[in-house]
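Okay, structure first, notes after.
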Amino acid sequence: MKQYDFLIVGSGLFGAVFAYKAMQQGKSCLVIDKRNHVGGNTYCDKVEDINIHTYGAHIFHTSDAEVWKFVNQFVKFNHFVNSPIANYKGELYNLPFNMNTFYQLWKVKTPKEAEDKIKEQQGQYADIDPKNLEEQALKLAGKDIYQKLIKEYTEKQWGCNAKDLPAFIIKRLPFRFTFDNNYFNDTYQGIPIGGYNPLTEKLLKGADILLNTDFFANRDELKNKAKTIVYTGMLDTYFDYCYGNLEYRSLKFETETLDTDNFQGNAVINYTDAETPFTRIIEHKHFEFGSQPRTVITKEYPQKWDKTKEAYYPINNEKNDSLAEKYKDLAGKEKNVIFGGRLADYKYYDMDKVIRLALDTANKYLNK
Ligand code: FAD
Ligand code: UDP
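Residue 24 is where the sequence shown starts when you use the working numbering, and the numbers rise one by one after that.
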């Protein structure tokens, strides 16, 4: 006799949204997570009365009106707009690439002057069909921006040559001829007032939750508890790596409390040179316009992934993507198991995309 309708492996946004939709239809859910908290990578700690983005800066942004309406039922969002600064060997530039950046680089003052300068910078790359990240960046922005703001940051972030990375990674970044430092082009943006924990806690209200519980430590027993499994963990692990390992990029976070109320004057500063070992410094209070007397900062160091480390980013190159497809064929044949989320789909999803996917998946399976 199965005790629950669903066993949900992973309490990140995919698992939590699916659980919410299932419970709305009267289904019972057991949610497990190997970590000691719910919320996946959106989880926030509280230090010095500041919400700390424990797994790296998380800014909610979307153009999906339905997703925006969905999350606003649970939490209210503040008016935070992500406007990171790049520090290249002590020189400061606005991101994303916009008229402020172009002025700081070349002292061009009008869109026409900037467009002419970019054309000169693009040179032979202007009309190519970009095959990799380096070509994509040179075509988009030309050589100065590539050298100072993209190449070294990207190679540090991904641990490989920019020529060996797919072009799509950089297509996320806006490039505009207006004085607009908003990192995203989306219609809606903000940080949940009070951090992300209330969002996942409200989504999971009514579910039974087991923390510090790894699905693979007790797979058979856990499987027997529910009619259907919703699996949001790593795709290759589920199939015991039968076709080989997928590759990931990991991160190390170093967090410190400082005896000053304002360390860097911005939530996110990227260090785009190769010599600085971290990619960015996050000053958490600025996500919520905090006025606490002290501050907490986190340095984010990219690192090589192995099975002892957290898998933060799938490395979506051709080799890994074709391996992931083989695993997805197996996943499609697995009875009574639903796969979804950043790790189970092996995709570089933002939060809104994960919520959209969980809503669609829930509609598909719950209304069949
Ligand atoms: P996760 O949040 O990773 O949740 C998966 C959960 O499953 C985890 O809690 C994990 O512990 C658990 N789990 C895994 N395996 C097992 C197992 N075997 N047994 C039990 N539990 C298991 N998105 C944005 O929209 N904006 C941003 O600014 C942004 N910044 C980001 C910055 C960083 C550094 C990273 C890494 C991601 C960022 N994202 C951002 C993406 C965002 O984190 C994801 O879209 C979202 O968290 C994905 O939700 P998920 O449920 O798929 O996965
Ligand atoms: N990127 C860059 N310079 C920057 C910021 C980003 O070259 O200052 C590139 C880098 O390759 C990165 C990609 O753009 O992996 C996407 O950046 P984003 O800030 O969206 O990455 P995330 O927050 O997901 O790590």
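Note that beta-carbon positions come from the ideal geometry of N, C-alpha and C, so glycine has one too.
Span of the alpha helix (DSSP H), counted from its first residue to its last, around residue i
| i | result |
| --- | --- |
| residue 127 | 122-129 |
| residue 41 | 36-47 |
| residue 343 | 341-356 |
| residue 246 | 242-246 |
| residue 193 | 191-194 |
| residue 139 | 134-145 |
Helix, strand or coil at residue i [DSSP, three-state]
| i | result |
| --- | --- |
| residue 108 | strand |
| residue 98 | coil |
| residue 221 | helix |
| residue 115 | strand |
| residue 227 | coil |
| residue 87 | coil |
| residue 315 | coil |
| residue 215 | strand |
| residue 171 | helix |
| residue 323 | strand |
| residue 309 | helix |
| residue 163 | helix |
| residue 179 | helix |
| residue 92 | helix |
| residue 337 | strand |
| residue 396 | Because residue 396 is not part of the residues shown, which for the chain are 24 to 391, the question remains open. |
| residue 66 | coil |
| residue 148 | helix |
Close beta carbons around residue i, own chain, < 7 Å, minus the five adjacent residues each side
| i | result |
| --- | --- |
| residue 176 | 293, 295, 302 |
| residue 151 | 158, 162 |
| residue 156 | 177, 185, 188, 189, 190, 192, 193 |
| residue 27 | 51, 52, 53, 248, 249 |
| residue 261 | 254 |
| residue 123 | 117, 202, 204 |
| residue 388 | 361 |
| residue 367 | 254, 255, 256, 258 |
Endpoints, the beta strand (DSSP E) within which residue i is located
| i | result |
| --- | --- |
| residue 303 | 303-306 |
| residue 273 | 271-281 |
| residue 231 | 231-233 |
| residue 360 | 360-362 |
| residue 32 | 27-32 |
| residue 388 | That residue, residue 388, is in no beta strand (DSSP E); its alpha helix (DSSP H) goes 374-389. |
| residue 251 | 249-254 |
| residue 53 | 52-55 |
| residue 75 | 73-76 |
Cβ neighbours of residue i in the same chain (closer than 6 Å, five flanking residues each side left out)
| i | result |
| --- | --- |
| residue 379 | 87, 90 |
| residue 97 | 222, 225 |
| residue 210 | 86 |
| residue 65 | 81, 219 |
Same chain, Cβ closer than 8 Å to residue i, five either side skipped, listed in chain order
| i | result |
| --- | --- |
| residue 67 | 74, 75, 76, 77, 218, 219, 220 |
| residue 216 | 98, 99, 100, 101, 311 |
| residue 267 | 259, 346 |
Residue i beta carbon near ligand 4 (any heavy atom closer than 7 Å)
| i | result |
| --- | --- |
| residue 255 | In the structure shown, ligand 4 is absent; the only ligands present are ligand 1 and ligand 2. |
Using the beta carbon as the reference atom, which residues fall closer than 6 Å to any heavy atom of ligand 2, ordered along the chain?
-> Residues with a Cβ closer than 6 Å to any heavy atom of ligand 2, in chain order: 109, 118, 172, 173, 176, 177, 180, 192, 193, 195, 196, 293, 295.
Should the stretch 274-286 be regarded as contacting the stretch 312-326, the criterion being three or more beta carbon pairs within less than 8 Å?
-> yes
Sufficient close CB pairs (3 or more, under 8 Å) joining the stretch 115-128 to the stretch 250-257 | no
Below 8 Å, can you find three or more Cβ-Cβ pairs linking the stretch 226-243 to the stretch 34-45?
-> yes
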